[in-house]
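A.B. asks: Chains as they are written, first to last, in UniProt numbering: chain R, 1 to 293; chain Z, 1 to 235.
The C-beta atom is built at its ideal place from N, Cα and C for all residues, glycine as well.
1. With H, G and I counted as helix, E and B as strand and the rest as coil, what does DSSP make of residue 61 of chain Z?
2. Are the CB atoms of residue 48 of chain Z and residue 19 of chain Z nearer to each other than 9 Å?
3. Determine the burial state of residue 114 of chain R: buried for a count of at least 16 other Cβ atoms within 10 Å of its Cβ, exposed for fewer.
4. Is residue 100 of chain R buried or exposed, if buried means 16 or more other CB atoms sit within 10 Å of its CB?
5. When the Cα atoms are used, what is the spatial distance from residue 292 of chain R to residue 133 of chain Z?
6. Which residue's Cα is closest to the Cα of residue 7 of chain R: R:122, R:144, R:76?
7. Do we get a CB-CB distance below 9 Å when we pair residue 100 of chain Z with the residues of chain R?
8. Just to make sure I have the definition right: I need the residues of chain R whose C-beta is within less than 8 Å of the C-beta of residue 120 of chain Z. Which are they?
9. Which residues in chain R have a C-beta closer than 8 Å to the C-beta of residue 86 of chain Z? List them in chain order.
10. Per the DSSP calculation, residue 131 of chain Z is bridged to which residue(s)?
11. Name the chain Z residues that come within less than 9 Å of residue 182 of chain R, Cβ to Cβ?
12. Output, in sequence order along the chain, the residues in the segment 189-221 of chain R whose CB is closer than 7 Å to any CB in chain Z.
13. Going by other Cβ atoms of all chains shown within 10 Å of its Cβ, with 16 needed for buried, is residue 265 of chain R buried or exposed?
14. Excluding the five sequence neighbours on either side, which residues of its own chain have a C-beta within less than 7 Å of the C-beta of residue 302 of chain R, listed in chain order?
15. Between residue 110 of chain Z and residue 116 of chain Z, how many whole angstroms is the CB-CB distance? I'm expecting something under 8 Å.
16. Mind checking the segment 14-30 of chain Z against chain R and listing, in chain order, the residues whose C-beta falls within less than 9 Å of any C-beta there?
17. At a Cβ cut of 8 Å, what residues of the segment 151-175 of chain R count as close to chain Z, listed as they run along the chain?
18. Name the chain R residues whose beta carbon is nearer than 9 Å to that of residue 82 of chain Z?
19. Can you find the residues in the same chain that come closer than 6 Å, C-beta to C-beta, to residue 70 of chain R, ignoring five residues on each side of it along the sequence?
20. Could one say the Cβ of residue 147 of chain Z lies closer than 9 Å to chain R's Cβ atoms, at least one of them?
21. Taking residue 130 of chain Z as the query, report the chain R residues whose CB atoms sit under 7 Å from its CB, ordered along the chain.
22. What residue range is occupied by the uninterrupted alpha helix (DSSP H) comprising residue 28 of chain R?
23. Pick helix, strand or coil for residue 235 of chain Z, following the three-state DSSP scheme.
24. If we count the other Cβ atoms within 10 Å of its Cβ and call it buried at 16 or more, is residue 19 of chain R buried or exposed?
25. Compare the Cα-Cα distances from residue 66 of chain R to each of R:267, R:28, R:204, R:83 and report the closest residue.
Here it is in structure tokens:
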């Protein structure tokens with residue numbers, strides 16, 4: 001394996017972290033809550049995709065259906081569970097999302113069991129380049145490409161559509177937005193729905209690399225949280241760059257720094273997160289909240 | 001333009017009852033001033049109308065009861081510029097204005113309204129791309145009012161527009177009110193501490209004391225009222 005391959009593999013893992021991290025940022029921006037169940041919700045979405053695939057649906061169709069279903073379920077979770085905790089004690093909201101994580105984990109084990117399942121890749125096997133340079137897998141490139149599509153789509157939605165403006169208004173000031181006639185509740189539902197849909201994509205991207213299991217997203221969530229915090233929890237661009245950085249550093253450290261190796265890889269982003277929080281609590285790309293008093 | 005009527009409205013926060021049996025009538029196309037000391041319930045009256053505070057009793061627009069959710073009230077044509085202005089600091093001036101028109105279907109007309117408002121408040125055009133948080137207090141108040149007008153409301157509720165503004169700017173804003181009322185077809189209910197100024201541009205006035213209506217009349221009657229002069233006008 002040469003350096004380029006290592007970097008691209010890191011970018012590929014980083015893209016998965018980034019996708020889940022974007023879901024975290026979506027939820028945090030709209031409702032001010034860090035959804036610790038985001039990864040677990042992605043797991044159940046991935047199981048749904050697997051079930052559809054197992055029943056004979058083509059892989060892209062299965063993933064697409066799971067994404068749409070997640071959008072609906074994510075919206076319902078906001079409406080019927082999270083709604084009453086918005087704007088309240090942050091700790092209460094954290095306890096609720098952690099409770100949701102544990103419940104969904106139990107539900108997945110109950111429905112699908114704990115035996116690992118093989119999830120098909122949405123991309124063809126093989127890759128480009130050969131010989132001394134090694135090959136770069138289509139899966140690696142496809143994962144990075146999928147993230148870029150998500151980023152561009154979200155950017156377009158938020159910056160260039162009326163719906164996106166409504167989202168930004170509600171995220172910044174729900175009361176003012178209601179006074180403008182914006183349906184705040186429905187927009188927050190849609191925010192959670194979109195996050196769940198993006199999370200579902202993350203799950204379906206990572207599942208072929210690992211095996212499908214109830215705990216599949218635990219480490220991804222750790223990295224995604226690290227990326228979201230590094231990115232400042234509000235900036236999509238910052239989050240993606242941070243996630244790529246984490247993916248690459250993790251991969252290179254695991255390969256080239258002997259005492260880190262495969263087992264200690266997961267510690268690298270956490271150490272980074274602690275350092276950043278010490279030095280720059282608002283994140284590398286976050287902006288300090290400026291308030292007039 | 002519309003008429004706004006409150007009949008026997010009670011409202012409060014939790015167990016603290018603020019409004020007791022408030023009844024008032026804001027005539028079609030009038031500017032009505034709501035006066036009263038701090039804590040008299042002026043802001044709560046506006047918040048009850050726009051659904052931000054739960055209330056009992058009847059609140060009617062053109063004789064029809066209003067819905068209870070704030071967004072539904074807004075969609076009925078009630079624009080509420082709250083105390084502190086409620087502009088969205090993180091959004092640009094332009095985005096704030098566009099957010100005010102998000103629910104309109106007549107987009108061509110909405111763009112024309114935006115141009116009109118930029119002519120009326122040139123600073124909103126000059127600083128279109130700046131973050132709203134960077135505007136001065138007076139500019140933010142202009143933005144808040146312009147954003148409210150972008151929704152083409154029939155009723156405008158203004159909560160202490162003078163708060164934190166220099167006297168001259170406050171005066172400019174108030175002098176503008178009758179013109180806005182005429183050009184945009186508004187019925188206006190304005191809460192104001194600066195009673196003299198508010199009464200000078202208003203048609204009618206309502207005085208609240210401890211959550212009850214104690215006086216109503218034309219602006220001229222109220223400003224000539226000895227008790228009111230002693231209590232609110234400082235002479």
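C.D. replies: So, from the data block:
1. strand
2. yes
3. exposed
4. buried
5. Its pLDDT being 47, under 50, residue 292 of chain R is placed unreliably by the model, and nothing is read from it.
6. R:144
7. yes
8. By Cβ distance, chain R contributes nothing, its closest Cβ being about 19 Å from residue 120 of chain Z, past 8 Å.
9. 173, 175, 176, 179
10. Z:92
11. 71, 74, 99, 102, 103
12. none
13. buried
14. A question about residue 302 of chain R goes unanswered here, because the residues of chain R that appear run from 1 up to 293.
15. About 11 Å separates the two Cβ atoms, so there is no contact after all.
16. none
17. 162, 165, 166, 168, 169, 172, 173, 175
18. 175, 176, 179
19. 45, 196, 197, 200
20. yes
21. The contacting residues do not exist; residue 130 of chain Z stays about 13 Å from chain R at best.
22. 3-31
23. Low confidence applies to residue 235 of chain Z: its pLDDT is 47, below 50, so where it sits in the model is not reliable, and the reading given next is rough at best. Residue 235 of chain Z: coil per DSSP, three-state reduction.
24. buried
25. R:204
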